[in-house]
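Please read the structure below before turning to the comments.
Numbering (our numbering), first residue to last: 3 to 187.
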C-alpha cells in the first residue's frame with residue numbers, strides 16, 4: 003500500500019480498543035447469531051401456518067378442506083415439518099426440500115395426464131346388477147377399469163415462506179440482543 007496509513011496505539015482498556023476487539027471476535031459468533039435468527043423465522047412460519055395464514059393474511063380455504071375437513075396446506079404435515087434453516091458463512095437460509103412447496107407458495111396450474119383408473123362398485127349377488135354409486139375398495143365386489151380424462155388444477159398462491167414486518171422486527175431484536183450480550187462478555 004502506498005500513500006498514507008494510520009496506526010492505532012491505544013490502551014487495551016480504552017473504549018476504542020474494546021470495540022475493535024469486539025468487532026474482530028464477531029466473526030466467530032456469527033454462526034450462533036444466524037442460528038438464532040433461523041430458529042425464529044422457522045418458528046414464526048410454523049406459527050402462522052397453524053393459524054391458516056401466510057405473508058398476505060388468511061389463506062383461502064382449499065377444496066380438500068371443504069370436502070374432507072382439516073387445515074389448508076396441511077394434509078400429511080410433510081411440508082410444514084420439512085421447513086428448516088441452514089446457517090451459511092454469510093447468513094441463514096430458510097426453506098424446504100419438498101418439491102411441491104413452490105407451487106403452494108407461488109400458485110400455478112398442475113396438469114394431470116389421462117390415465118387408467120379403477121372404479122369400485124357394489125354388485126347385487128342375486129340380480130347381477132351393478133350399482134351406479136362408487137364405493138370404497140373394501141366394500142366393493144365389482145371393479146372396472148376406465149380411462150380417466152386429462153385434467154388440470156389451478157392452485158391459488160398462498161405465500162408462506164418469507165418475513166412479515168413483525169418477523170423483521172424480531173430479527174432486529176435478536177441481532178441487538180446478540181450484540182449487547184456479546185459486548186458484556
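Where a beta carbon is used, it is the ideal one built from N, C-alpha and C, also for glycine.
Note that this is a predicted model, so its numbers are computed, not measured.
Residue i (DSSP reduced to helix, strand or coil)
i           : result
residue 3   : Confidence in residue 3 is poor, its pLDDT being 45 and thus under 50, which makes the residue's placement too unreliable to answer from.
residue 48  : helix
residue 148 : strand
residue 130 : coil
residue 55  : strand
residue 71  : coil
residue 28  : helix
residue 164 : coil
residue 62  : coil
residue 124 : coil
Close beta carbons around residue i, own chain, < 6 angstroms, minus the five adjacent residues each side
i           : result
residue 109 : 157, 158, 159
Cβ-based neighbour list, residue i, same chain, cut-off 7 angstroms, excluding 5 preceding and 5 following
i          : result
residue 67 : 73, 74
residue 77 : 66
Strand pairing of residue i, partner residues [DSSP]
i           : result
residue 110 : 157
residue 92  : For residue 92, which the question treats as bridged, DSSP gives no partner whatsoever.
residue 87  : 96
Best match in the options for proximity to residue i [C-alpha to C-alpha]
i           : options            : result
residue 153 : 168, 164, 169, 117 : 117
residue 58  : 166, 151, 32, 149  : 166
Neighbourhood of residue i by C-beta distance below 8 angstroms, restricted to the same chain and skipping five residues each side
i           : result
residue 136 : 121, 122, 123
residue 3   : Unreliable placement is indicated for residue 3, whose pLDDT of 45 sits below 50; the coordinate value is still reported in the next sentence. Cβ within range, chain order: n/a, list empty.
Whole-angstrom distance between residue j and residue i, CA atom to CA atom
i           : j           : result
residue 143 : residue 128 : 13 angstroms
residue 150 : residue 176 : 54 angstroms
residue 168 : residue 91  : 25 angstroms
residue 95  : residue 85  : 11 angstroms
residue 132 : residue 70  : 27 angstroms
residue 42  : residue 173 : 8 angstroms
residue 48  : residue 134 : 44 angstroms
residue 55  : residue 170 : 17 angstroms
residue 34  : residue 98  : 21 angstroms
residue 126 : residue 119 : 22 angstroms
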